[in-house]
Each structure stands twice: as C-alpha cells, then as structure tokens.
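Q: Quick one: the structure is below, and I'll ask about it shortly.
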Amino acid sequence: MSIAVGTSSLGSMVTPEALENAAKEVDRQLAADRQFPELSELINASQQIQTTFSGINDFDYPSLSSPSVGLAGLELVSLLKRVLLPAELMEQFNYMQCNCMMGLFPEIRRAWLTIDSNIYVWNYEDGSDSAYFDGLDETILCAGLVKAKPEIFKDEVRYILCLTTPVDIVLLAVTFTSKKLGSFSHDEFSEMHLHPNPVFSIPSDNIYMTCITGTQSGRIFMGGKDGCVYEVAYQAAAGWLPWRNCRKINHSSGTLSFLVPSFLSSTFSGEDAIAQLAVDNTRNTLYARSEKGTIQVFDLGADGQSMDYVASLTQDKITHKAESAARTNDRNLFKPIVHIAPIAKHESKGVHLVAITHAGVRLYFSTTNIRTPLERPTKLQLVHIRLPPGFAPSATSQKPSKVHAAFYRQGISLMAASQTEDMDVLWGISPDSFPFQTPLKEMQVTVPMDGRTWSLSEVPEFGNNMLSHCPIVRDQWMEPPAVVRQHASPRRSYVALSSQGSYLFTTYRPVEQLQQLLIQSQGFDSDSVHAFFKCYKEDQACATCLVIACSTQTSQQQIAEWATRAFFKYGESVSHHPSQAGTPSNPAEPSITQGGSYVASPGVRQGFNSPGVVTSTPHPGGVGQAVVRAEVIRSSKYDGLCMYFARILEYVFYLYLIFVGFAFSNIFLDFDITYLKQLPVYLSVVAQMVWDARLVFEDFLVPHLSEPQQFLVSLLELELKCNLCLQLFTGSNETINPEKNFVINFKSLVDRSVETLSLWQVLNEHNIEDVILHLDTTIRDRLKHVKFRDLATKGQEICSALIASLINCYLDDGTSTDIISEKLREVCPHLFSNDDAVSSKAGELLMLAKQSKDKAEQESILKDALRRYRQVTHQINLELICSLFESVRFYDGVVELSLYAALKRDPQGMALHFYRNGEPHGDMQGREAFIARQQCYKCILDCLQRLLVIKTTPSQSPGLPSRPGPPPAPDPSALTPHDAEKHMEDVLSSSLSYGDELWHVILYQWLIDNGLTERLLELYGDFADEFDLSECKLAIVHCAGHYDPTLIETLWRDIIEAELRDSLQNPPSDRMAIVSKKIAYLGKVYVHSERYFPLGAIILMLEKKSAELVWDPTWVFMTMLEMGIPFPVLHAIYDKLFKAKDQCWRTQDKPLHILEVIYHLFMKFVNTPTISPPHERRKIAIALYDACATYLVELQSSLSRDPSVQNTLDKFQGLQKCLKRLLH
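Residue numbers (UniProt numbering): 1 to 1224.
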C-alpha cells in the first residue's frame, strides 16, 4: 500500500524564479571557468604551421618580487619533510657486489632499491612497512610495477611487480592490507605484501631489459638494451592456473628498416638502448626514448589492445628542427633529451608529448595535425620550443644545466640538475599563478637538495579529494587551471628519491599562497595581501578568500577571519566593463618598448605573418589577453561568491542523477557516495557565509563585530541582521539593489542544494533502486532525464515523490517511520517539513489500522490518523487518503476529512459567493476557491459512486469456472449490495449534517446525475412527477437554484434531441411543429429565469438542426416571437451569431444560413411592424437599416460567383430599400 507524504511547503517559500535566477549565475560562472586556453593556445601552436618558441621575454617568467608587484613573499614550493632511508637498507649497501638501482612506485606510495638479486620496497613517506624479495639467483636489471589484469587475477591482487634479470622475467603478485582513515576514506595501501612464489616466469632470451611500464588495462611493456620494445602478454588459459599462458613479444622487429635509411646504416654503430617508456593512458599511445635521444611513437589502438608503430624522430632531427626555429640559441641546448612525458588528453587536444633536455629546454610534440587533431596518432612533429628561465634580456636568475632527472604533468615541470657531485638543484616551474592567460607565463623556484636525485615523481591523490572519485569530471571537460578546483582537491605533492632518502614537497596554489601571505602579514591589511588581489583580479581573489574563510578546520579559524576581512576590504571594486574570464592581467608585463626582448627575439621583430622564424610570444601590446565576458555591473564580492559556489557544485550541477540500463532493474547512481557525503559539508558552511548580511551591507555590520568568532554566528542571528539591513537600506548604490536580491536568491539555491544533496545521500544509505522502482511510472521516467540542476531548481515534485516512496518502503516492511522522519527533518527540513512528518506518521497509523483485527482498536487508530491528517489537509493527497479510509470502511473519516479540507482551502467562503453571484468570469479568486472545494467534494462523491455501483449490482451467479475444481471461496472483505446501501445512506446522512451549503448543491447534483430523484424528492417534495428525465433535471436544478451553464445547456440539448428522436417517424412539417410546441411550452416556464433559459444557446441549437434538416428558415424566430421574446432581442442574438462566423455552417454547406434567417426576420418586421410597440418602430428600423448595410458590405466583399451569394445580395438590397421607405 502506498501512502503519500504530501507536498512540502518549500514551494511557497522559495519561488522557482528565484532559484532559476541564482542557477543562471552558476551557469554563467561555470561557463566562464571553462573558457580557459589549453596548452596549444598557450604556446601559440594551435594555428601555426612552423615550430614556435618562447621563454625569451621577461613576461614569459614574470618576476613577482619586483617592487611594482609587491609579492616577494609569494612561494611556489614548500618542502614538507625529508625522510632518510631505513637503517636496515643502509646496511645492505655493504653487501653489494654487482649492481644497485633505486626508483619510485608512487601509485602505492613506495620506493624501491635493488642490490644484486634482492629487491627492497618501503614507504617513502615515513620509511615504514619495509618488504623484500630474495628469491632470485641472478642480478636484477630492471624493476617495474604494473596493474594486474582483473579478469586474470583475484580481486585482492591489485598490482604485479615485474623483475628482469639476464636470464628471467619474473612477475610477483602484490597485495595490500587497508586501514580506515577517518569517516570518509581509508588507506588501501597501508601494508604491502609480496607473494614469495612468482605467478609467472619466462626466459629473457639474454635480452638486457632497461625499463618497464604498464597500461591501465594491465599490459606490460619493456625496453631492451638492443633498442627493441617488448611486451609480456599473458591471458587466461585452461587449467587451474590461468596465468601460465604467457609469452614475450618483440614489437620492434625490423626496427632499423624504418629508423635508419640503408645508406646511413653505417653511421650507426653499436646498440641504442631504450632508456624510457611512457604511456598516455588517455589516448592509448606508447612513447619510447632511446639513450641516443630517438623518440618513437606506438599506437595501442582505440581500445588499448593493439600495437602499431607510427613514427619516430632521431635526436639529430629534433635538434636540427629546434635549431632552425630558435636560430639565435646554441644547438647544444636541445640535446641530449633526458626525459619524455605524455601530455594527457584533458590537458591538450593537439599537443601530446613533452621532452626535456639536459639544459632544461622543453620540446613539445604533436602526433596528429595540430589544427584538426585526429583520434589516432599519425606522425611525430615538433611544434614548440620552451626555453627555461634565465634567457630573457633582464633575467638575473641562473639557467638550469646538467639536468639528469625530470618530471612533467599538467603544466608543472620539475628538473633535477647537478650542481656538484653530491648536491642537486631542483627546478620547479608552474603556470598556476597565471591562470586564464595567454601566452604561457610561468613562475619558477629552485630548491637545493643533498645527494644525486635518482627519481622524481608526483604523489597521486590519496583521500581528502572531493574529485578523486569523480572521473567523469576529466572525461567531460579539459582540466582547468588549479585555481578552479583548489577548494575541492588537495595541493599537488611530489617526491624526489636519492641515496640519502626521500624529499617530500608540495607546490602552492593561489589559496596556499594567500594563506602564507596572511600568516606572514599577521593580518589582512597589508600591501602584500592587497597586491595579491591586484595580481589575481579581485573576483578570483575573493573566491580564494572564501576557500579559506569557509574552512572547517578549527586550527585555521584566525586565518579564516583574516581571509573574511580581506574579502570585504578588497572586494568592493565594481565592474563597469567587460571583465576578464581569468585572473591576473599580469602586472609584471613589460611596457611596450623597443628594448631587450626584441633584440633577443628576431621572431618578434619579424611579426607573425612573416616567413622563417615564428614565435609564440606575441607583440607586447597583446600580452595577457583573456576571454571576455559580457558587460556587467557588480562588485567583486558578488562575482567571487558566485564563483566559489559554482566551483563547489561543478561536478554535480549538470550531472544526471541516475543511469538506467535496459531495464529499471539495472540502475546505477552517477553520484559517488564518498563525494556525496563531503559536498553538503562544504555547502552548509557556504550557506552561513551567504546569509551573513555583511556580504552586501558591510557598513552596517563590520563596525559591530569585535570578536573573530562572531563570523560564524547562528543562522537565526544572521537572518535577523539581514532583515534589519534590508529594512534600513534605501538603495543608493547602483550595485546594492541587485546584489541584495542576489543574496536572497542565492541563499535559497544554496539551501536547496544542501537539502537536495542530503536527501540523495539518505537515499543512497537505503536501497535506492527499490525506492526508484516503486515510484510512479511518470516520475520514474522523468527521473531518468533529470540533472542535479533541475532537481535543485524545479524538482520539488520529484523530491516529494522520492521521499514518499522511501516512506512507503518503510511502511511496506512494517517498520516505524519515526527514525527516518526524524532524519529527513534534520537534513532536509524544507523538502520534508514537519507537516510531512505528521502525514507520514498518519500513514503509518493507517497501515496499522488495516492490519488490526480488533474493531475497537482499529477505530481508535483510524481516529488518531484522521486527527493527524486534519492538521495537514493543505498538503496531503486527499483523494488517496480517502480511498485508503474507504478501504477500511472508515466512511466517517472520508466525509469529515473531505469537508474539513474544503473548509481549510476556502476559509472565507469565496466559493459560495462565487456560486450565488452566477459564477462571474472576472472573479478569479472565487473560481479558484470553487474549484478547490469541488476537488474536496469529489472524494465523497467518488466514494458514493462506488457504493452506488455495488448497491445496484445484482448478485452474480458463479458463472463459468476458469479452472477445474471447486468454485472459489467468496471474498469475506467484499461488500454486499445490502452493506453498500447501508454505508451509502450513512454517508449521505453524515455529509448532509454538515452546514456546508455548497456541498449540499453538489450532492443534489450528484443525486440528479445518478437518477436518485426519489432521494432528492424526499428533501424538496413531490414536484417532478410530471416531467420526464431531462425536464426533471432542469426543474430540479431550477428549484435548487443551482447554476451551471454547461449543465443547463446540456439539459436543453437533451430535451431537443429527445423531441427530435421521438418524432422521427413524423413528416418534416409535423416534426417542426412538435419541437416548436415543446420549446414554446418550456420557454413560458423559464423565460423569466434567464439563467435557466439560455436564449442564445437554444436558438443556436435549433438553427443548427434547422439547417441540417432543411426546415423553414422562419420557424425558430417565429417560435420565439410567440413566446414573447422582443424583436430587438432576437435581432441582437442573430446578429451575434452572424458575427461569430461559426464553422458549423460551412461544415453543413450552409454558409449563408444565418443571413437567410436574418433576411426573413427583417422582412417580418417590414411586413408586420405591429410586432413592436409604436414608439420603438423607428428606432428599430434605423438599427435594421444600419445592420443591413453591414451585411451588404460583407456580401459584396466575398467576391464570390456563387449564385446563392448574388441572390442573397439582391434580397438584402431590396430589403434595404424597403427599410429606407419606412424611415421616410
């Protein structure tokens, strides 16, 4: 049984327009956040045919420490800690005989060390969880960690450790023990286990393997010292050890045939070992770098399961191409290449690979046509050269040199350069401080490190990342600048490994930079904080302030207060012009001069369109151009707040709530539960921030805030403050009025979003598939196409339906709804109000009553349910509740609840006033009240109708059996006709005892409609005996004073049809006389009650029949004249019929019927003037003469050659002359 919860009162509190207006602001901001230049645009490679270059101008690496900028304290890298090698590993170096290697497995937070034939693995974050494998006899040459194929290994085997020796290739299974971290996440790599027995071992065929890499799907690739690329392929096979089917594949067979032309083969002596393999899992492409700098490209296929050689470039070709593009630079800058890194699909569509040289030069490559990128790689082309810091004319910093280890991903480059034998310098280069800008601008930093760096890598995101569980974010859109998602994801961390241990460090995004500036300044009122707002633009800086201000970490409350003050102090600027979609306009850009940059860059001097040298750095006058939005007038606080909220909802705002497979039994939630649990926490803090009236009325509130903790006061206090300011404010500032409305609308959207997400979280904690499957089909179909935006702005009906379905699941299970009601009231009080809770409890009582066998107990429970339903009649599904009352024979409840609901929906009695005044069309309030009461009355009428059907249904014989065996037992709960009659009389008596006059009228009408005139005559006397059914209805309606125009016209139509039907066998002239007589008879009864004698409608009905049956055109108006209808009244009615131009006449092929009747009506007046009083005749003649002229104009304008039209025209011309004679 399904119990409706009702419709929440939220709809009356928040208008859809307000929510939609706020949602449009979110739309605007999300669209702006996606208008950032991608990498090919940053380096000006997307439209260029030739190789471009940059890094030679001052604004390529702006100096933020200059006095004009004032951001000397702005940091890029922070060293978190240094972790020494575990002591037990240091001892192992003493036993080394042949070889040792070190590296990182960042995907599991481990470092590794091989000494001869042993491998040691430990947690590089703290030196813990050491594991080792000593089951090999030969020296380990290479080690790699790859994903296990899920269809081959058990679920607990997540990774495979691949080890190579001169003799064997060995695969070891790697498993982990997880540990819970807080409420939302757990450390799935807490303890590592290396299985001692190899799951796979094959001979290496004396191939010296130099590097190993793997794909997301579990494929394993190896690079050989012989310059070949190999794959270890394994698959399921028959038997109980499915992984034994393995083999080694050489994908470089005949490599020299395409790498080296035959006439140059003598040039290449010796081997060119593969030094590095790199996989682009976003495009399924494999890259190989050899020791001599050759780069090869392999296509793994759209599904990642094939392997085809595509193209290659030797180091000499790359150097020659780079030297040709950057002619003024030493060619030695471009070789040797020490590192390659794929550029993921979500970073750039047209640029696919970056290579880093020993001098720190970055070489960008494309594998397709960069202007129209293809899905699969077809070539390898150098498209851009980026020189490292230190090459600008005014550069004071040193240049990188002797780079031997490097890393690149998502814009950030790390390079370890040898300073001495025992010390490296780590170069960090990042564009994060200059988002939304073209051309590419980067910030640089150097960090000294002890020891020689063996490996550099980024630490993958483990936990505390709202977006880590949401791959759809990267699948749908390009990866935005760090500032866009800095609120949701942790800062990027990195690890550098040397023989001394591991260095853990992190890069600073704008939010960490602002936080450090606030700490350094010990407050918000400082030049450096002000400079931060100027550098990042006020709207972006305000959004960054909100990230800190809304932090839930208690340790940062002082910093949060400073950020709040900075938000108000520096967020007052107003935009009166197209604002930048990005952040800084780069205050560090040089002025337009003919200075050093031009001397150092001949490409700039020649210009973009000149042949030869091309540069991606445009003319200084065009520097810092960003995407332009439409013109707006609003404060930076406004934009910053909208920006922050939109970014929080970025992932879910346009996300479909569910994904449904071929059937509803296959439902998948697009929301990730971990993300879902965190998001309302963020939004709840934003809700407090939004409603704080200081966002709009700083002048009123800030002087009164003496304590920092006053920022996060209770919601009620904030509401009172805002209401006070709304009353006092007069709207003198041009930005305040719209922002005042914005704050109100925005708070509504924030609240609704929080509650909607919280509701979805509650649904996820239950069997949501079952909840959805029990929805109404219409709602369920709509839910398949609903995005979160729709649910938050206009999804009240769907939310109510979901809550009702959830409650019904509890009721169907016989479980109390108290706990779930309390939970819903806590997390979504507007979507599930107190009235909803009352309604759900009443529904639970109704279910208990249905199950009760004790009549007294059942009656008591039903009365309790009725009492609760009376409290919420404004929102319950009255029809459903009444049907449930009826199912347990609680007819008194049906009557009482329906009539009480009618009273509550029309407490002022406007419906009765509307009825008594003839239901005037202009009384909209009365009409709405009348309709509302009718809906309530309908519940009782439906109940009576069902009882009437049972009462009048004769007892049925068993009839033909549907199956062999004895007849089915009668249903003991079914009503007998006798019981139905008794209950029907009880309902009639009970309902008539209420003093609801309008209900009495509706009930009488129902009695009439159902032929229960005997019951009605008991109330009004025996006055209907002389009438047949239709006339009886008309008489009763007339006597009861009930006015329903549609019903009355229907009754007259039925009377006319009955007379025509009864006289069907008579000649046409007799039939016409019979109908005329009946109309005249009834007309004399009702002619003085205009409401019950709709003259115009009756004449129209009769004329239609007259035209259809081709009767005398005079008989209708002659009948009316005999009844005493004045001639002017008839003329007015026929004139109205003519002007209405009803299509029925053309349908009957009688377009001139009304004009023919009018002609005869006018001739009746001409021939018999005595039908009108003498004092009115001239006035009538004038009116007829004028009308005749109108009809003539109409006829003449038709331009028809139809003889009937000409005949009618002639008649009216003659009629006009007759009328003219009457006037003289």
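All residues carry an ideal CB built from backbone N, CA and C; glycine is no exception.
Need the endpoints of the beta strand (DSSP E) that cysteine 211 sits in, please.
A: Looking at the DSSP string, the run of the beta strand (DSSP E) that includes cysteine 211 is 209 to 214.
Q: Compare the beta carbon distance of tyrosine 120 and serine 128 with 8 Å and say whether it is the shorter of the two.
A: No, the Cβ-Cβ distance between tyrosine 120 and serine 128 is not below 8 Å.
Q: When you compare the region 515 to 528 with the region 547 to 561, are there three or more beta-carbon pairs, one atom per stretch, that lie closer than 8 Å?
A: Output reads yes: the region 547 to 561 touches the region 515 to 528.
Q: Taking only the alpha-carbon atoms, compute the straight-line gap between proline 954 and glutamine 945 and give it to the nearest angstrom.
A: Looking at the two C-alpha atoms, the distance is approximately 16 Å.
Q: Cutting at 6 Å between CB atoms, please list the residues of its own chain near serine 455, excluding the five before and the five after it.
A: Gly103, Leu104, Leu497, listed in sequence order.
Q: Enumerate in chain order the residues of its own chain whose CB-to-CB distance from histidine 1000 is below 8 Å, with the five nearest sequence positions on each side excluded.
A: Taken in chain order, the residues that qualify are Leu992.
Q: Helix, strand or coil: which one does DSSP assign to glycine 223?
A: Note: glycine 223 maps to strand in three-state DSSP.
Q: At what residues does the beta strand (DSSP E) containing threonine 52 begin and finish?
A: Start and end: 52 to 54.
Q: Since serine 400 and alanine 417 are thought to touch, with beta carbons under 8 Å apart, how far apart are those beta carbons, to the nearest angstrom?
A: In the sequence as displayed, the identity of residue 400 is proline instead of serine. Right, their Cβ atoms sit about 5 Å apart.
Q: Let me know the secondary structure DSSP gives tryptophan 112 once reduced to three states.
A: Correct three-state label for tryptophan 112: strand.
Q: So what does asparagine 245 bridge to, in DSSP terms?
A: Partner(s): Gln235.
Q: Taking contact to mean 3 or more Cβ pairs, one atom from each stretch, closer than 8 Å, check whether the region 442 to 462 and the region 423 to 433 are in contact.
A: Flag = yes, the region 442 to 462 and the region 423 to 433 touch.
Q: Residues in the same chain with beta-carbon distance under 7 Å from proline 460, minus the five sequence neighbours each way, listed in chain order, please.
A: The residues are Pro106, Glu107.
Q: Find out if the Cβ-Cβ distance for the pair glutamate 997, leucine 912 is shorter than 8 Å.
A: Taking 8 Å as the Cβ cut-off, glutamate 997 and leucine 912 qualify as a contacting pair.
Q: Pick out whichever of Thr215, Leu546, Glu458 has its Cα sitting closest to the Cα of histidine 487.
A: It is Leu546 whose Cα lies nearest to the Cα of histidine 487.
Q: Per DSSP, asparagine 118 forms a beta bridge with which residues?
A: Answer by DSSP bridge pairing, in chain order: Ile115.
Q: Since isoleucine 370 and arginine 362 should fall inside the 8 Å C-beta cutoff, what is the C-beta to C-beta distance between them, to a whole number of angstroms?
A: That pair is no contact at about 16 Å.
Q: If we call anything under 8 Å between Cβ atoms a contact, is threonine 213 one with lysine 225?
A: No, these two residues do not count as a Cβ contact at 8 Å.
Q: Cα separation between isoleucine 1098 and glutamate 1194?
A: Roughly 26 Å between the two C-alpha positions.
Q: With respect to the alpha helix (DSSP H) encompassing isoleucine 1079, which residues constitute its N-terminal and C-terminal limits?
A: Note, isoleucine 1079: alpha helix (DSSP H), 1068 to 1086.
Q: Any idea what DSSP makes of glutamate 698, helix, strand or coil?
A: Unreliable positioning characterises glutamate 698 in this predicted model, as indicated by a pLDDT of 37, which lies under 50. A coordinate reading is not provided.
Q: Should leucine 380 and leucine 333 be called a contact, given that it needs their Cβ atoms to be closer than 8 Å?
A: No; because the gap between Cβ atoms is not below 8 Å, this pair is not in contact.
Q: Would you mind sorting lysine 853 into buried or exposed? The rule is 16 or more other CB atoms within 10 Å of its CB.
A: The residue is exposed, with fewer than 16 neighbouring Cβ atoms inside 10 Å.
Q: What separation, rounded to the nearest whole angstrom, lies between the Cα atoms of threonine 139 and tyrosine 654?
A: Answer to the nearest angstrom: the Cα atoms are 55 Å apart.
Q: In whole angstroms, give me the CA-to-CA distance for glutamate 20 and asparagine 745.
A: Glutamate 20 and asparagine 745: Cα-Cα distance of roughly 9 Å.
Q: Considering only heavy atoms of the ligand NAP, does any lie closer than 7 Å to the CB of isoleucine 1171?
A: Within the structure as shown, the ligand NAP is missing, as the structure has no ligands at all.
Q: Go to phenylalanine 453, then tell me how far its beta strand (DSSP E) extends in each direction, as first and last residue.
A: Strictly speaking, residue 453 in this sequence is threonine, with phenylalanine absent from that position. 453 to 459 is the extent of the beta strand (DSSP E) around threonine 453.
Q: For leucine 848 and glutamate 886, I'd like the C-alpha separation in whole angstroms.
A: Distance between the alpha carbons of leucine 848 and glutamate 886 is about 15 Å.
Q: Alpha carbon to alpha carbon, what distance is there between glutamate 25 and phenylalanine 729?
A: Low per-residue confidence applies at phenylalanine 729: pLDDT is 34, beneath 50, and the placement is therefore not dependable enough to give any value.
Q: Using the beta-carbon count (16 or more within 10 Å), is asparagine 1207 buried or exposed?
A: With fewer than 16 other Cβ atoms within 10 Å, it is exposed.
Q: Using the C-alpha atoms, what's the distance from proline 373 back to threonine 282?
A: Roughly 14 Å separates the two Cα atoms.
Q: Can at least three beta-carbon pairs, one atom from the region 340 to 353 and one from the region 402 to 421, be found at a separation below 8 Å?
A: Because the criterion of three Cβ pairs below 8 Å is met, the region 340 to 353 and the region 402 to 421 touch.
Q: Taking a contact to mean a Cβ-Cβ separation below 8 Å, would you say glycine 926 touches phenylalanine 914 in this structure?
A: Yes.
Q: Looking at the secondary structure, which residues open and close the beta strand (DSSP E) in which isoleucine 160 lies?
A: Counting along the chain, the beta strand (DSSP E) containing isoleucine 160 begins and ends at 159 to 164.
Q: Do proline 481 and phenylalanine 533 have their beta-carbon atoms positioned less than 8 Å apart in this structure?
A: Going by C-beta atoms, phenylalanine 533 is not nearer than 8 Å to proline 481.
Q: Indicate the three-state DSSP secondary structure (helix, strand or coil) for asparagine 94 in the structure shown.
A: Three-state DSSP puts asparagine 94 in a helix.
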